[in-house]
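Protein sequence lines, in the order shown, are assigned to chains S and V.
Quick note on the numbering used here: the first sequence kicks off at 60 and runs consecutively.
Quick note on the numbering used here: the second sequence kicks off at 60 and runs consecutively.
Glycine included, C-beta positions come from ideal geometry on N, C-alpha and C.
There are 2 protein chains.
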Amino acid sequence: MSGTVPRIASLDHLAPGDSFDLGTLSLPREEVLAFATRFDPQPFHLDDAAAAESIFRTLVASGLHTLSAVFGRLITSGLIADVSLGGNQMDVKWPAPLRPDEEVAVRVEVLDLRPSASRASLGIARLRYVATRTADGVIVLDATGTHFLKR
Amino acid sequence: MSGTVPRIASLDHLAPGDSFDLGTLSLPREEVLAFATRFDPQPFHLDDAAAAESIFRTLVASGLHTLSAVFGRLITSGLIADVSLGGNQMDVKWPAPLRPDEEVAVRVEVLDLRPSASRASLGIARLRYVATRTADGVIVLDATGTHFLKR
Numbered sequence: 060m061s062g063t064v065p066r067i068a069s070l071d072h073l074a075p076g077d078s079f080d081l082g083t084l085s086l087p088r089e090e091v092l093a094f095a096t097r098f099d100p101q102p103f104h105l106d107d108a109a110a111a112e113s114i115f116r117t118l119v120a121s122g123l124h125t126l127s128a129v130f131g132r133l134i135t136s137g138l139i140a141d142v143s144l145g146g147n148q149m150d151v152k153w154p155a156p157l158r159p160d161e162e163v164a165v166r167v168e169v170l171d172l173r174p175s176a177s178r179a180s181l182g183i184a185r186l187r188y189v190a191t192r193t194a195d196g197v198i199v200l201d202a203t204g205t206h207f208l209k210r
Numbered sequence: 060m061s062g063t064v065p066r067i068a069s070l071d072h073l074a075p076g077d078s079f080d081l082g083t084l085s086l087p088r089e090e091v092l093a094f095a096t097r098f099d100p101q102p103f104h105l106d107d108a109a110a111a112e113s114i115f116r117t118l119v120a121s122g123l124h125t126l127s128a129v130f131g132r133l134i135t136s137g138l139i140a141d142v143s144l145g146g147n148q149m150d151v152k153w154p155a156p157l158r159p160d161e162e163v164a165v166r167v168e169v170l171d172l173r174p175s176a177s178r179a180s181l182g183i184a185r186l187r188y189v190a191t192r193t194a195d196g197v198i199v200l201d202a203t204g205t206h207f208l209k210r
């Protein structure tokens, strides 16, 4: 995890275009299998032989697992830990699959910010989380979440 | 789980407007805590006292947990089990939170279908998954996924 991520005390400490490197992560094979068993039991997430016959050619992580791990990194980075009040929307793209033990670099970018119409003490931030395979620069996750943050 | 969910053999067995009841589910408190600990360690997902001070007032499941469980129900329902080749996009809304042990009814609806431009053997289906609290009819998840399905 990057040691340079600030811990903001208010939504107003963010500005559109701000971008933070959240370090690298990978999904161990055992966790890929466990997540898929519980939440996405499709053959190409669970079985090497079945995956070899799939469009992925090898076993790949559930996209929901990739998403959850990248979102988790945002939370554990501390960036919004003191101001996060929840969220209510996410638009997710998985341009390429992520395989077990492949390393990705995680980055978060501030897309836009606006005050809440109903509560002066909070605002709405749209944050984009991108995970890029470090081996080849291919983006495996490109998601935008709507976050309620304290002001 | 509903016993009336068909197991389709081709994308062409679906039509826009088709809707399938996938039964009910709930997230046990222990699983809510375990998922949040790993993927979304925010106080309102982990600690009753902190949640009491949050906008949720009580402990709530991570939205990613709700999403993953509902998606898992789609997979385990068997509807697309024989034709699912993966997916690459999802738009998710969480209009209300889901609390541990609250029951939701899960429904999937076919929004639209189109052939693949590059591969005659597959098509692209947009499926909408909706989870509704059975106690009060409030929607807690409204997501649309883009699925590649065999034809």
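Own chain residues within Cβ distance below 7 Å of residue i, not counting five before or after
i, result
"Leu208(V)", "Leu70, Ile139, Val142, Ser143, Leu144, Leu181, Gly182 and Ala184"
"Ser61(V)", "Confidence at Ser61(V) is low in this model, with a pLDDT of 45, below 50, so its placement is unreliable and no value can be given for it."
"Asn147(V)", "Thr205"
Within chain V, partners of residue i - CB distance below 8 Å
i, result
"Pro100(S)", "Gly131, Ile134 and Thr135"
CB contact check: residue i to chain S, cutoff 9 Å
i, result
"Asp150(V)", "yes"
"Met60(V)", "Interpretation of Met60(V) is limited by its pLDDT of 43, a score under 50 that renders its predicted location unreliable; the figure taken from the coordinates is listed afterwards. Cβ-Cβ to chain S under 9 Å: no for Met60(V)."
"Ser127(V)", "yes"
"Ala176(V)", "no"
"Pro156(V)", "yes"
"Ala140(V)", "yes"
Closer than 9 Å to chain V by CB, residue i
i, result
"Arg46(S)", "Since the first and last residues shown for chain S are 60 and 210, residue 46(S) lies out of range."
"Phe79(S)", "no"
Proximity below 9 Å, CB of residue i to CB of residue j
i, j, result
"Arg66(V)", "Gly131(V)", "no"
"Thr83(S)", "Glu162(S)", "yes"
"Asp160(S)", "Arg88(S)", "yes"
"Tyr107(S)", "Leu123(S)", "Sequence check: residue 107(S) is Asp here, not Tyr. Going by C-beta atoms, Asp107(S) is not nearer than 9 Å to Leu123(S)."
"Val165(V)", "Asp80(V)", "yes"
"Leu172(S)", "Leu86(S)", "no"
"Ala110(V)", "Pro100(V)", "no"
"Ala155(V)", "Val199(V)", "yes"
Chain V contact residues for residue i, given Cβ-Cβ distances below 9 Å
i, result
"Gly146(S)", "Gly122 and Trp153"
Residue i: CB within 8 Å of a non-hydrogen atom of the ligand ZN
i, result
"His206(V)", "Ligands are entirely absent from the displayed structure, and the ligand ZN is therefore not among its contents."
Listed by chain order, chain V residues near residue i by CB distance under 7 Å
i, result
"Ile114(S)", "Leu144 and Gly145"
Own chain residues within Cβ distance below 6 Å of residue i, not counting five before or after
i, result
"Asp77(S)", "Val169"
Exercise for the section: Evaluate the contact criterion for the segment 185-192 of chain S versus the segment 119-134 of chain V: three or more CB pairs, one atom per stretch, below 8 Å. Expected result: no
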